Each structure stands twice: as C-alpha cells, then as structure tokens.
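Q: Here you go, one structure.
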Amino acid sequence: MSGWRLLVPALLLLLVVFVAPVGMLVPTSLRSYVPLVGITGGVTARNYVRLLTDSYYLEIIGRTLALGLGVTCATLIIGYPVAFFLARTRSRWRNWLTILVVFPLMLNLVVRTFGWIALLAQNGLVNQALQALGVVDGPVKLLFNFAGLMIGLTHIFLPFMVLVLIGAIQNIPRDVEDAARVLGASWGSAFLRVTLPLSAPGILSGSILVFVLTISALVTPRLLGGPTYQVMSTLIYDEFLQRLNWPAGSAQSLLLTAMVLVLIYLSGRLARRTGAAA
Amino acid sequence: MTAARLRTWLLRAWVALVFGFLMLPVVVIALASFSRTSYLTVPPKGLTLRWFAAVLADPEYVHAIVFSVLLALGATIGSLTAGVAASFALIRRRVAGGPAVAAFLNAPLVFPGVVVGVALLQFYALLHMNGTFVGLALAHMVITVPYVVRAVTASLQGADPELEHAARVLGASGPVAFFTVTLPLIRPGVAAGALFSFIVSFDNVPVSIFLLGAGQMTLPVKIFTAIEYGVDPSIAAISTMLIVLTGLGLAVAERWLGFHRFV
Chain P
53 MSGWRLLVPA
63 LLLLLVVFVA
73 PVGMLVPTSL
83 RSYVPLVGIT
93 GGVTARNYVR
103 LLTDSYYLEI
113 IGRTLALGLG
123 VTCATLIIGY
133 PVAFFLARTR
143 SRWRNWLTIL
153 VVFPLMLNLV
163 VRTFGWIALL
173 AQNGLVNQAL
183 QALGVVDGPV
193 KLLFNFAGLM
203 IGLTHIFLPF
213 MVLVLIGAIQ
223 NIPRDVEDAA
233 RVLGASWGSA
243 FLRVTLPLSA
253 PGILSGSILV
263 FVLTISALVT
273 PRLLGGPTYQ
283 VMSTLIYDEF
293 LQRLNWPAGS
303 AQSLLLTAMV
313 LVLIYLSGRL
323 ARRTGAAA
Chain U
20 MTAARLRTWL
30 LRAWVALVFG
40 FLMLPVVVIA
50 LASFSRTSYL
60 TVPPKGLTLR
70 WFAAVLADPE
80 YVHAIVFSVL
90 LALGATIGSL
100 TAGVAASFAL
110 IRRRVAGGPA
120 VAAFLNAPLV
130 FPGVVVGVAL
140 LQFYALLHMN
150 GTFVGLALAH
160 MVITVPYVVR
170 AVTASLQGAD
180 PELEHAARVL
190 GASGPVAFFT
200 VTLPLIRPGV
210 AAGALFSFIV
220 SFDNVPVSIF
230 LLGAGQMTLP
240 VKIFTAIEYG
250 VDPSIAAIST
260 MLIVLTGLGL
270 AVAERWLGFH
280 RFV
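Sequence order for the protein chains is P and U.
Numbered per the numbering used here, the first sequence spans residues 53 to 330.
Numbered per the numbering used here, the second sequence spans residues 20 to 282.
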C-alpha cells in the first residue's frame, strides 16, 4: 500500500474529531448568549472584548500564566538535579528509578490530586507536621489558593520535566565535561559553562511542555482550587456546564488555545535560532 | 576528593527527597484507605478493609469500572490500528511532508484537553452523537493516537528494513511480510503504545466529563465528582486499588518490554 493510504485513518480521525470541532468554536465565540433565551444570531466581538478588558477575566488569565511560570521554574529547579543523577548514574537500579519517576505519571491524575487534598487540608498531614515542628501556630490555608495549586501542579508535572531533561543530559558526551576539568575548570565552572549550556535544548522543551500543560490543566486546579479559585480551564468548564454560556466559553477556549500555540511556535523559533534541536 | 564526595552525597540526598515528594500523596492515600473512621485521616485510626468492600459492593463504582475498561479497550484497539499504519507510512514509506504529518499527529499531546472536550460537546450535539459510546471512543482515540505513534515509530526506527525486503524477495506479499516479519520485530513498541493508550484513556477526565451521557460514567469522572461532594475513605480505597494495579502493570511492562525506553 502507498504511504498516504496508510495515513488516511489517523489523518481522517484528527481532521474530523479534532480540527473540525475546534474550528467550529470560532463561529460560536462570535455569537452572544442571553440568559433564559439562549444563543442569539448576529456576529459580535463582545466575548473577546470582555475577556480582554474585564478585570474579573484578566485576573484569571494573569493567575493562569503566573501558575504556568511558577510551576515551570519549580519543576526545573527541583527536577534538574534528579535528571542529572538519573542520566549519569551507573547504578544497576537506574532503569527502575526511572520507572519510579514514570509511576506517578501513569497513576490516575484524580487519585494523585486526591492525595494532595488529604495532605493540604486544614487538619491535613502538612499542617499537622508544620504545627508539630513549631513552624506555625495555627493551621495554614493551603487549599483553594495559589500555594495549594502551586504544590499540587508542581507534583503533577515534575515527572515530565525530569524525563525530558534525562534525555537531554544523556545526549551530552561525558568527554566534553571531562575535557573542561582536565583543562583546569573547577567542577562548578565546568557545570555552569559546559554541561548546563549543552542541556539548554532540554531545558527549553521541558519548560515549554510543563508551562503548556500547567495552563491547560483542569482536574488539579478544580479539585485543589474549588469552584471559587478559578483558572482558565476551570472557567471554561463552568461556562459550558454550569452557566451554559457557550459563546463566552468558546472565546475563552480559543484564547487558551492561542496562548498554547503561540508558545510552541516561539519556542520552535528560539530553538532554531540558537541552533539547538528541541 | 572530599568536595566530590560531598557533592555526590548532596545529590543523592536531594534525589531521595524528591522521590519522597513524588511518592508522598500515594503513600498517604494508601494509608488513609485502611482507617476505621468514616472521615479521611492519616495516620489511619484502626485497621479495616471495609472501605474496599464498600467500593466493590457499590453498583455505581462497578459500573464505572466496567465502562472505563470497555472504553479504554475500544480506544486502544482503534488508535493501535490507525497509529501503527501511520507510523509505518512515516518511517518505512517516507511520505512527502512526513515531519509535518508527524507534528500534526502529535498535536493533541500539547493541546488543552478541556478545549477538545468542549469542542466535541458542541460538535456531537450538532450531529446528535452526544452520549454515544462510539463518539466517546473516537474522542479518546484522538488523545491516544499520539502515544501509539511515538512508541511505534521509535520501535520501527530500530528495526532493520532489510528483513522485510528479504521476505518480499522470497515471495511474501506486502501484508504477509508486514504481519510475519515487521510486526513481531516492533512488538515491544506496539505493546508500549497499547499500554500508554489504555492508561491515557482510562485516566481521562477533561474530555470524558463533557461527553458522558445519561447512564454513562467513567471511573475517574466518578471519583472526580465524588471528591467534589466530599472526601471519605471509600475514595481512598478505590484510589489504592488503582495505585496497586498501576504499579503492578508498570513493573510487568518494565520487565517484559523495558518500558523506560518508550517514555
């Protein structure tokens, strides 16, 4: 069979069940919704104007981006040493340790988030520990706010960052680092001036991946943030299932999609400019 | 070389801490599921298996488990068929524009799941496909195909095309050569892709939650809504079962396939 005929099922699936439905959000986003009446005819940019000017929406958009940035930095700082260790260790347990990083990734997302509810609640384990250690006097609020979402999302997306970085660090020939050491560089400057720059493509693609996944996440922000502490995806969820305002929800969906696509496009350009294959 | 040894130990300590952080919620859930109390508490007070019995006796949970397994099987069979064919075209046939096609097939990996969910909610409403099993399975195929393509293309790149040529020269037809020579060679990749596909479908919430019809319920959506109503140890019990099953599945996959190569 020719190559294109073999591609037909997969391409047809994506065009019909992915591209067409997402494309059909565009006309919906240009309609207006009247409570108790429904979606009315006529074309309007109102949904976009409100989304980009109303302070309620701007706060949610800002919070979503702040979470994306925060989680990306946290997973990078926490994950880099782990990836470095797993990429360089000669331990015979290495493959099993890698699987241990994969395990949380394969475990049901709702289950993992549920664990954090138990940990972060008012009388949860984290608060018990903090009070027992005398760090705080009363319970600290760790659910339904930025801190809770940061902790939960960092945990959820850390494995992605580690796995991408392992691949990048493994691709760096050890000789390059050894050469720097032989030529008199200290371990620190060899790391900062050789290893770290050479792992930049991995840092870039890992960061973009985690950022994109964080701003798209629904389950964890919903369960740890509740119905009041909203991010973009929980806003879309409520717009479609609670308020039934599909036009506004479509506009929000397309804005989120645009943010993701722009980020991926920019990272691709950045990777090409620096001559690194991300 | 004391500085080097100090570095090594600091690195190991950091790695141990991070692994502890990764496993923390898992351990907490497992412990909480054995508590005798009707509220969630860690460490557990007393020891009981009654929450496990409660979950397995609850027809809603049993129905959700069966439905999720059937849906994941359907999506996996579908995405394996489409994904293996596409991978073969991309690697062996070297179709024009291959890299662009591969990028397109991978797009759902980074696309917001919630957007796919709401887009299909509207699309299926127009087609009167809301609440159909086929509609749900097709939606799950969109998000599982990329995993199959990734694992299978990796396997195909490592398999020698000359073996298939040899079979063709010796008179085997194209399909016979594929099914008797190439497919056995790439079996680890196909198995890894199938496992990924099953797990991704079985775990999905953002797409399923918008598309489930009356009388339909998947396990993760059931747990998700149960948590929104209030947490209790039966949620910890079903979670513990998933933890054990996932752990066993992954251990088997690592032993048989060297699963770490495909992530």
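C-beta: ideal position from N, C-alpha, C; glycine also.
Source: prediction; values computed, not measured.
Note down, in chain order, each residue of its chain lying with its Cβ closer than 6 Å to the Cβ of U:Gly159, except the 5 sequence neighbours on either side.
A: By 1-based counting over the second sequence, the position of residue 159 of chain U is 140. As written in the sequence, residue 159 of chain U is His, which differs from the Gly given in the question. Excluding sequence neighbours, U:His159 sits near Ala94, Ser220.
Q: For a test of the three-state rule: what should DSSP assign to P:Gly278, helix, strand or coil?
A: One-based indexing of the first sequence puts residue 278 of chain P at position 226. Three-state DSSP puts P:Gly278 in coil, outside helix and strand.
Q: Between P:Tyr289 and chain U, is any beta-carbon pair separated by less than 8 Å?
A: As a working note, residue 289 of chain P is residue 237 in the first sequence. Yes, because at least one Cβ of chain U sits closer than 8 Å to the Cβ of P:Tyr289.
Q: Ignoring anything shorter than 3 residues or poking outside the stretch 186-219 of chain U, list the beta strand (DSSP E) runs there in chain order.
A: Within the stretch 186-219 of chain U, no complete beta strand (DSSP E) run reaches 3 residues.
Q: Since P:Tyr100 sits in a beta bridge, which residues does DSSP pair it with?
A: Translated into the one-based positions of the first sequence, residue 100 of chain P becomes position 48. Bridge partners of P:Tyr100: none, in fact.
Q: According to DSSP, is U:Val133 part of a helix, a strand, or is it coil?
A: Residue mapping note: residue 133 of chain U aligns to position 114 of the second sequence, counting from 1. Three-state result, U:Val133: helix.
Q: From what residue to what residue does the alpha helix (DSSP H) around P:Gly301 run?
A: Residue mapping note: residue 301 of chain P aligns to position 249 of the first sequence, counting from 1. Looking at the DSSP string, the run of the alpha helix (DSSP H) that includes P:Gly301 is 298-325.
Q: Roughly how many whole angstroms lie between the Cα atoms of P:Arg83 and U:Thr244?
A: Along the first sequence, one-based indexing puts residue 83 of chain P at 31. Along the second sequence, one-based indexing puts residue 244 of chain U at 225. Rounded to the nearest angstrom, the two C-alpha atoms are 31 Å apart.
Q: Short of 6 Å in beta carbon distance, which residues of its chain neighbour U:Ala121, apart from the five on each side in sequence? Order them along the chain.
A: Within the second sequence, numbered from 1, the residue matching residue 121 of chain U stands at position 102. These residues qualify, in order along the chain: Leu109.
Q: Just verifying my parser: in three-state terms, what is the DSSP assignment at P:Gly258?
A: What you label residue 258 of chain P is simply residue 206 of the first sequence in a count that begins at 1. Correct three-state label for P:Gly258: helix.
Q: Just how far apart, CA to CA, sit U:Val129 and P:Ala310?
A: To locate residue 129 of chain U, count along the second sequence from 1; it is residue 110. To locate residue 310 of chain P, count along the first sequence from 1; it is residue 258. Each residue's alpha carbon lies about 12 Å from the other.
Q: Who are the neighbours of U:Gln141 on chain P, taking C-beta pairs under 9 Å?
A: Stepping through the second sequence from its first residue, residue 141 of chain U is reached at position 122. By Cβ distance, chain P contributes Pro73, Met76, Leu77, Thr80, Phe292, Trp298, Ser302.
Q: Let me check understanding here. Comparing Cα to Cα, which of U:Ile254, U:Ser54, U:Ala101, U:Arg113 lies closest to P:Gly55?
A: Translated into positions along the first sequence, residue 55 of chain P becomes position 3. Closest by alpha carbon: U:Arg113.
Q: How would you label P:Asn175, buried or exposed, when you count the other beta carbons within 10 angstroms and need 16 or more for buried?
A: Counting from one through the first sequence, the residue named residue 175 of chain P turns up at place 123. When all chains shown are included, P:Asn175 counts as exposed.
Q: Mind checking whether U:Val46 and P:Val134 have CB atoms under 8 Å apart?
A: In the second sequence, the residue the question calls residue 46 of chain U occupies position 27. In the first sequence, the residue the question calls residue 134 of chain P occupies position 82. Cβ atoms of U:Val46 and P:Val134: not closer than 8 Å.
Q: Quick one: what's P:Ile91 bridged to in DSSP?
A: The residue given as residue 91 of chain P occupies position 39 in the first sequence. Paired residue(s): P:Tyr85.
Q: Taking buried to mean at least 16 other C-beta atoms within 10 Å of its own C-beta, is P:Leu326 buried or exposed?
A: Numbered from 1 along the first sequence, position 274 holds the residue referred to as residue 326 of chain P. One point to set straight first is that residue 326 of chain P is Thr, not Leu, in the sequence displayed. Exposed, by the Cβ-count rule.
Q: By DSSP, does U:Ala233 sit in helix, in strand, or in coil?
A: Start at 1 with the first residue of the second sequence, and residue 233 of chain U comes out as number 214. Residue state, collapsed to three classes: coil.
Q: Here's the rule: buried if 16 or more other CB atoms are within 10 angstroms of the residue's CB, otherwise exposed. What is U:Thr27?
A: Counted from its first residue, the second sequence places residue 27 of chain U at position 8. When all chains shown are included, U:Thr27 counts as exposed.
Q: Pick helix, strand or coil for U:Pro62, following the three-state DSSP scheme.
A: In the second sequence, counting from the first residue as 1, residue 62 of chain U sits at position 43. DSSP places U:Pro62 in coil when its eight states are reduced to three.
Q: U:His82 CB to nearest chain P CB: under 8 Å?
A: Translated into positions along the second sequence, residue 82 of chain U becomes position 63. Judged by the 8 Å Cβ criterion, U:His82 is not in contact with chain P.
Q: Are the CB atoms of U:Val209 and U:Leu98 within a distance shorter than 8 Å?
A: Position 79 of the second sequence, counted from the start, is the residue given in the question as residue 98 of chain U. Position 190 of the second sequence, counted from the start, is the residue given in the question as residue 209 of chain U. With the sequence shown as reference, residue 98 of chain U is identified as Ser, and Leu is not the correct amino acid for it. Not a contact, by the Cβ cut-off of 8 Å.
Q: Let me know the secondary structure DSSP gives P:Asn224 once reduced to three states.
A: The residue you call residue 224 of chain P lines up with position 172 of the first sequence. Note that residue 224 of chain P is Ile in the sequence shown, not Asn. Reduced to three states, the DSSP call for P:Ile224 is coil.
Q: Does DSSP classify P:Arg57 as helix, strand or coil?
A: Numbered from its first residue, the first sequence carries residue 57 of chain P at position 5. Helix.
Q: Have a look at U:Arg274, U:Glu183, U:Leu231 and flag the residue whose alpha-carbon is nearest the alpha-carbon of U:Met148.
A: Along the second sequence, read from residue 1 onward, the residue named residue 148 of chain U stands at position 129. Nearest C-alpha to U:Met148: U:Leu231.
Q: For P:Ala329, count neighbouring C-beta atoms within 10 Å of its own C-beta (all shown protein chains included) and say buried if the count is 16 or more, exposed if not.
A: Position 277 of the first sequence, counted from the first residue, corresponds to residue 329 of chain P. Summary for P:Ala329: the model assigns pLDDT 44, below 50, so the residue's position carries little reliability, and this model does not support an answer.
Q: Please report the straight-line C-alpha distance between P:Cys125 and P:Leu265, rounded to a whole angstrom.
A: For this step, residue 125 of chain P is matched to residue 73 along the first sequence. For this step, residue 265 of chain P is matched to residue 213 along the first sequence. About 14 Å.
Q: Under 9 Å Cβ-Cβ, which residues of chain P neighbour U:Val161?
A: Within the second sequence, the letter at position 142 stands for residue 161 of chain U. Ordered by position in chain P, the residues that pass the 9 Å Cβ test against U:Val161 are Leu65, Leu66, Val69, Phe70.
Q: Is the shortest distance between the beta-carbon of P:Phe198 and the beta-carbons of chain A less than 8 Å?
A: No chain A is part of this structure, whose protein chains are labelled P and U.
Q: Interface residues of chain U around P:Trp145 at Cβ under 7 Å?
A: Taking the first residue of the first sequence as position 1, residue 145 of chain P is located at position 93. The contacting residues do not exist; P:Trp145 stays about 11 Å from chain U at best.
Q: Given that P:Ala62 touches chain U, what residues does it touch there, using C-beta distances under 8 Å?
A: Looking up residue 62 of chain P in the first sequence gives position 10. Ordered by position in chain U, the residues that pass the 8 Å Cβ test against P:Ala62 are Ala101, Gly102, Ala104, Ala105, Leu124, Val164, Val168.
Q: For the stretch 51-63 of chain U against the stretch 251-263 of chain U, are there 3 or more C-beta pairs whose distance is under 8 Å?
A: Yes, the stretch 51-63 of chain U is in contact with the stretch 251-263 of chain U.
Q: Using 8 Å as the cut-off, can you tell me whether the stretch 278-285 of chain P makes contact with the stretch 250-260 of chain P, which would need three or more C-beta pairs spanning the two stretches below that distance?
A: Counting Cβ pairs under 8 Å, fewer than three are found: no touch.
Q: Identify whether U:Trp28 lies in helix, strand or coil by the three-state DSSP scheme.
A: Counting from one through the second sequence, the residue named residue 28 of chain U turns up at place 9. Helix.
Q: What in chain U is Cβ-close to P:Arg164, meaning under 7 Å?
A: As a position in the first sequence, residue 164 of chain P is number 112, starting the count at 1. Simply Pro44.
Q: Between the Cα of P:Val68 and those of U:Ala119, U:Tyr143, U:Ala115, spot the shortest distance and give me the residue it belongs to.
A: Taking the first residue of the first sequence as 1, we reach residue 68 of chain P at position 16. Closest by alpha carbon: U:Tyr143.
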